[in-house]
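J.:
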Amino acid sequence: MLGLGRGRSATPGPPDLQAVCKFLDGMDLRYFVDGQGKAILLSFECDKADYDMFILVDQQHAFVYVSLARYLQVPRDHPNVQAIMTRLMETNWDLLLGKFEWNPNDGEVRVAFTFTTENGMGQKALGAAISAILDVADKYYIELHAILEP
Amino acid sequence: MFNLRSTPKRKTQAPDGQAVARLLDELKVKYFANPAGDHFRAFFDCEQATYEVQVLAMPRAATVLVTVANYLRVSRDHPATDDLMLRLMEINWELPLGYFGWRSASERIDIITALRTTDGLCSDTVGRTISWLLGVAERYHRELQDMVEF
Chain A
1 MLGLGRGRSA TPGPPDLQAV CKFLDGMDLR YFVDGQGKAI LLSFECDKAD
51 YDMFILVDQQ HAFVYVSLAR YLQVPRDHPN VQAIMTRLME TNWDLLLGKF
101 EWNPNDGEVR VAFTFTTENG MGQKALGAAI SAILDVADKY YIELHAILEP
Chain B
1001 MFNLRSTPKR KTQAPDGQAV ARLLDELKVK YFANPAGDHF RAFFDCEQAT
1051 YEVQVLAMPR AATVLVTVAN YLRVSRDHPA TDDLMLRLME INWELPLGYF
1101 GWRSASERID IITALRTTDG LCSDTVGRTI SWLLGVAERY HRELQDMVEF
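In order, the protein sequence lines correspond to chains A and B. The opening residue of the first sequence carries number 1 in this note's numbering; numbering runs sequentially from there. The opening residue of the second sequence carries number 1001 in this note's numbering; numbering runs sequentially from there.
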């Protein structure tokens, strides 16, 4: 899916937004930086669906947050909200990389992964995380959407 | 709990069990190791409870898994399970690092973090991760215990 190519060596410390953009350039990925310069936005066409991804880079606190936005929409009053949250918690146990998380205020469910970047972060690691999150999203897409159907 | 400030920075590449043991030694964590030397258990006395932290080295996956193990136990047919799963998914949204996962077969709920080690791993990161997870465990201990013990 991604042209990871040869992994660049890790940055010596927590990367900033520009460094992460360079990694994405190295993977030949098209992206946008939001108006405030705090997030990177990407879109992917996968087997089961198209996904919007955003990457937040926090150099000060040494983490990079990679997330698929609006993977599911589950309002608190959805008739199957308990069934889907139970299944997502079980799925969280099985995941080696990534997690499902839910915002009950607007019903958004994301697939996300947070890098700790005290040791730096390389292009290879970022590419692997992006691929893994997209794989998780596609793997569970049909099952999870079926639970949500009335 | 343990002194992070005096921890020397040390980088390794995709650490195996021996390397993880050295990092824990640097942190002066007392631990039990399995015979294979890649799975470590340590116990931390905190204000509200004693927590079991497990560290698993997975060099082939370039990952070190850090968990607060057996944090809660809840069966599928427990009357509070549905509400608990919603609350844990909500907390997962709030956590920048780590997440709750549930293994329904063993009724076990852990707090989990996967550290990618493609770019190495230092004792600072391991120490901060353990401290963070213990902080999460303490923060939600009373609320979650109340939910399952009503």
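From the three backbone atoms N, C-alpha and C, an ideal C-beta is built for every residue, glycine too.
Listed in chain order, which residues of the segment 42 to 65 of chain A have Cβ atoms closer than 9 Å to some Cβ of chain B?
T.: Result list: Asp-58, His-61, Ala-62, Phe-63, Tyr-65.
J.: Distance, Cα to Cα, A:Pro-150 vs A:Met-85?
T.: Going by the C-alpha atoms only, they are around 16 Å apart.
J.: Is the Cβ of B:Arg-1103 closer than 8 Å to any Cβ of chain A?
T.: Interface residue, yes.
J.: Classify A:Tyr-31 as helix, strand or coil using the three-state DSSP reduction.
T.: Correct three-state label for A:Tyr-31: coil.
J.: Could you list which residues in chain B have their beta carbon closer than 8 Å to that of A:Gly-13, in chain order?
T.: Result: empty, since nearest Cβ-Cβ is about 11 Å, beyond 8 Å.
J.: How should B:Gly-1135 be labelled, buried or exposed, when 16 other C-beta atoms within 10 angstroms of its C-beta is the threshold for buried?
T.: With fewer than 16 other Cβ atoms within 10 Å, it is exposed.
J.: If you draw a straight line from the alpha carbon of A:Gln-36 to that of A:Ala-69, how long is it in whole angstroms?
T.: The alpha-carbon atoms of A:Gln-36 and A:Ala-69 are separated by roughly 18 Å.
J.: Taking the alpha helix (DSSP H) that B:Gly-1127 falls in, what are its first and last residues?
T.: That run of the alpha helix (DSSP H) goes 1123 to 1148.
J.: Excluding the five sequence neighbours on either side, which residues of its own chain have a C-beta within less than 7 Å of the C-beta of A:Gly-98, listed in chain order?
T.: The answer, listed in chain order, is Val-111, Ala-112, Phe-113, Ala-132, Ile-133, Val-136.
J.: What does DSSP give as the partner residue(s) for A:Leu-144 in the beta ladder?
T.: Answer by DSSP bridge pairing: none, since A:Leu-144 is not bridged.
J.: Under 8 Å, Cβ to Cβ, is there at least one residue of chain B near A:Glu-143?
T.: Not an interface residue.
J.: Starting from A:Asp-77, follow the beta strand (DSSP E) in both directions and report where the run begins and ends.
T.: Looking at the DSSP string, A:Asp-77 is not in any beta strand (DSSP E), and its letter there is neither H nor E.
J.: Chain A partners of B:Cys-1122, CB-CB under 7 Å?
T.: Result: Glu-118, Asn-119.
J.: Using a Cβ cut-off of 7 Å, which residues of the segment 1087 to 1098 of chain B contact any Cβ in chain A, in chain order?
T.: Answer in chain order: Leu-1088, Met-1089, Glu-1090, Asn-1092, Trp-1093, Pro-1096, Leu-1097.
J.: Could you pull the start and end residues of the beta strand (DSSP E) that A:Asp-58 belongs to?
T.: Element bounds for A:Asp-58: 50 to 58.
J.: Under 7 Å Cβ-Cβ, which residues of chain B neighbour A:Met-85?
T.: What A:Met-85 touches in chain B: Met-1085, Leu-1086, Met-1089.
J.: Roughly how far, in whole angstroms, is the beta-carbon of B:Val-1066 from the beta-carbon of B:Leu-1133, given that I think they are within contact range, below 8 Å?
T.: Sure, about 6 Å apart at Cβ, within 8 Å.
J.: How would you list, in chain order, the residues of chain A whose beta-carbon sits under 8 Å from the beta-carbon of B:Gly-1100?
T.: Residue identity check: residue 1100 of chain B is Phe in the sequence provided, not Gly. In chain order: Met-89, Asn-92.
J.: Whole angstroms are fine: how far does the CA of B:Ser-1075 sit from the CA of A:Pro-75?
T.: Their backbone Cα atoms lie some 25 Å apart in a straight line.
J.: When you compare each of B:Ala-1061, B:Phe-1043, B:Val-1053 to B:Thr-1129 by their alpha carbons, which one comes out closest?
T.: Considering only alpha carbons, the answer is B:Val-1053.
J.: Could you check what DSSP says for A:Met-121 in three-state terms: helix, strand or coil?
T.: In the structure shown, A:Met-121 sits in coil (DSSP, three-state: anything other than H, G, I, E or B).
J.: In the DSSP assignment, what residue or residues form a beta bridge with A:Phe-63?
T.: Paired residues: A:Asp-58, A:Thr-116.
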